[in-house]
Structures are given as structure tokens and as C-alpha cells.
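S.K.: Before anything else, here's the structure in question.
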Amino acid sequence: MTLDADHPADDLPGEGELPDTIQEPRLWRDNGWTAKVIKNEDDDGWAVAMTKDGEAEPALVGPWTMGRDKKNPKPLDTAAFNTLVKTASEVIRRHEQQLHAMLHKNVSVDIGDERVTVTLDIVPDEFEPYAVLAAHDALGEPLAEVRVSAGFKLNATSAAAWVESGYGKPGAQGR
Numbered sequence: 102m103t104l105d106a107d108h109p110a111d112d113l114p115g116e117g118e119l120p121d122t123i124q125e126p127r128l129w130r131d132n133g134w135t136a137k138v139i140k141n142e143d144d145d146g147w148a149v150a151m152t153k154d155g156e157a158e159p160a161l162v163g164p165w166t167m168g169r170d171k172k173n174p175k176p177l178d179t180a181a182f183n184t185l186v187k188t189a190s191e192v193i194r195r196h197e198q199q200l201h202a203m204l205h206k207n208v209s210v211d212i213g214d215e216r217v218t219v220t221l222d223i224v225p226d227e228f229e230p231y232a233v234l235a236a237h238d239a240l241g242e243p244l245a246e247v248r249v250s251a252g253f254k255l256n257a258t259s260a261a262a263w264v265e266s267g268y269g270k271p272g273a274q275g276r
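Residue numbers (our numbering): 102 to 276.
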């Protein structure tokens, strides 16, 4: 940006600060999201990147429509931006659901006439990942909890073996 009488240095955002709202043909920022229309490096078309404020990488990158001149991109507008925000938010939500499903598993087993729910919660520590294996009765009351390898395989067989063993540290049955 060039500084002049219309843009004094005091009015510039500080490092790391972003204006709350920008509504330009190729850059739109509002409600915690930024849409940026970019040249598609793979062909002659255009793409749009949707980035949530504070994130380094876009949550969504997709094709963008050409304008009437068939050379330049169609300008962003309120309707398009709102649709992009909704789509990008859904992508993030699905990613979070998938991650949750990978890190949190549970299985219920019947031991005698008692139903026990066994859960496995993986803690994805960068240096020493591990998991917590826990058991709860039919009312949700905790019965046992033990730290296990992040590679522990929870299934009906391993859960039943753990419960039947008296909740000791699982051995090879969980691998």
C-alpha cells in the first residue's frame, strides 16, 4: 500500500491485525472468514480460497466462475460469500467429526447379565501418544480406567477380555 494524504501511516492496521470487513471483487472478509479469488495454476481458470481467521491454511479451495469476458473472474458478492462460508464451515465440521471418530471409540459388551461400555480415547501427543481405556456400567458409572498404547485395537473381543480379566492392564489381547 502506498502512503499518501488519504492513507496516513497511523490508519494502517498493525502487524497481525486485519480489518473486520473488506468487500472487494477478489477479496472479501467478514464474520471471521476471508474469501480470496486466485489464479488457478493448473489451467486458465480461477479458484477461490476460504480461510477462517487465525488459520494458516484455507479450509476450502474450489473452482471459481469466469466473468462475462471469459478472462477475468466473476466478482465476489454477498450471496456468493455467504454460500462459501456455509460450505467451508461444513468442511471444517465434517473434518472435526472424522477426527473425533478416529480418536474416540466405544463398544458395549454383555458380561453375564451386566452391560459394560468400554471406551478408548486416544491422546495424539506429538512425542508420546497414548490412549485411555475406560469401562462404565449401564448407568454410566465408572468401573475402571487404564492407560494403554495409542495402537490398542478396541473391539468386542478385546473389550470383553479386558472386563473379564478384572480390568487389569491389557496384554496381547488388545493388539
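Just so you know, even glycine gets a beta-carbon here, dropped at the ideal spot from N, CA and C.
If you drop the 5 nearest sequence neighbours on each side, which residues of the same chain put their C-beta closer than 7 Å to that of Pro109?
M.R.: Below a pLDDT of 50, predicted positions are generally treated as unreliable, and Pro109, at 41, falls in that range; no measurement from the model is reported.
S.K.: Tell me whether Ser209 is buried or exposed, calling it buried when 16 or more other Cβ atoms sit within 10 Å of its Cβ.
M.R.: Looking at its Cβ environment, which holds fewer than 16 other Cβ atoms inside 10 Å, Ser209 is exposed.
S.K.: Near Pro247, what residues of its chain come up, given a Cβ to Cβ distance below 6 Å and the 5 sequence neighbours on each side ignored?
M.R.: Pro is not the amino acid found at residue 247; the sequence shown has Val there. So the qualifying residues of the chain are Leu234 and Lys270.
S.K.: Can you find at least 3 beta carbon pairs, one from the stretch 173-181 and one from the stretch 120-127, that sit closer than 8 Å?
M.R.: Contact between the stretch 173-181 and the stretch 120-127 is present, because at least three Cβ pairs lie under 8 Å.
S.K.: By a C-beta neighbour count over all protein chains shown, 10 Å radius and 16 as the cutoff for buried, is Ser259 buried or exposed?
M.R.: Buried, since its Cβ has 16 or more Cβ neighbours within 10 Å.
S.K.: Can you list, in chain order, the residues of its chain with a C-beta nearer than 6 Å to that of Pro230? Leave out the 5 residues immediately preceding and following it.
M.R.: So the qualifying residues of the chain are Ala251.
S.K.: Residues in the same chain with beta-carbon distance under 7 Å from Ala232, minus the five sequence neighbours each way, listed in chain order, please.
M.R.: Leu221, Asp222, Ile223, Val224, Val249, Ser250, Ala251 and Phe253.
S.K.: How long is the line joining the alpha carbons of Asn141 and Lys206, rounded to whole angstroms?
M.R.: Answer to the nearest angstrom: the Cα atoms are 40 Å apart.
S.K.: Evaluate Arg130 with the Cβ neighbour count: other Cβ atoms within 10 Å of its Cβ, from every protein chain shown; 16 or more gives buried, anything less gives exposed.
M.R.: Classification of Arg130: buried, given that the 10 Å Cβ count is 16 or more.
S.K.: With respect to the alpha helix (DSSP H) encompassing Lys187, which residues constitute its N-terminal and C-terminal limits?
M.R.: Thr179 to Leu204 is the span of the alpha helix (DSSP H), which, as asked, contains Lys187.
S.K.: Using the rule of at least 16 other Cβ atoms within 10 Å of the residue's Cβ for burial, across every protein chain shown, is Pro174 buried or exposed?
M.R.: Buried, since its Cβ has 16 or more Cβ neighbours within 10 Å.
S.K.: Is Thr152 helix, strand or coil when you go by DSSP?
M.R.: Three-state DSSP puts Thr152 in a strand.
S.K.: Ends of the alpha helix (DSSP H) at Ser259?
M.R.: Taken as a continuous stretch (DSSP letters only), the alpha helix (DSSP H) holding Ser259 covers Ala257 to Glu265.
S.K.: Where DSSP assigns a beta bridge to Trp246, which residues make up the other side?
M.R.: As written in the sequence, residue 246 is Glu, which differs from the Trp given in the question. Ala235.
S.K.: For a quick check, are the C-beta atoms of Val219 and Asn132 less than 8 Å apart?
M.R.: No.
S.K.: Comparing C-alpha positions only, which one of Glu215, Arg169 and Trp134 sits nearest to Asn183?
M.R.: Measuring from the Cα of Asn183, the nearest candidate turns out to be Trp134.
S.K.: Would DSSP call Asp131 helix, strand or coil?
M.R.: Reduced to three states, the DSSP call for Asp131 is strand.
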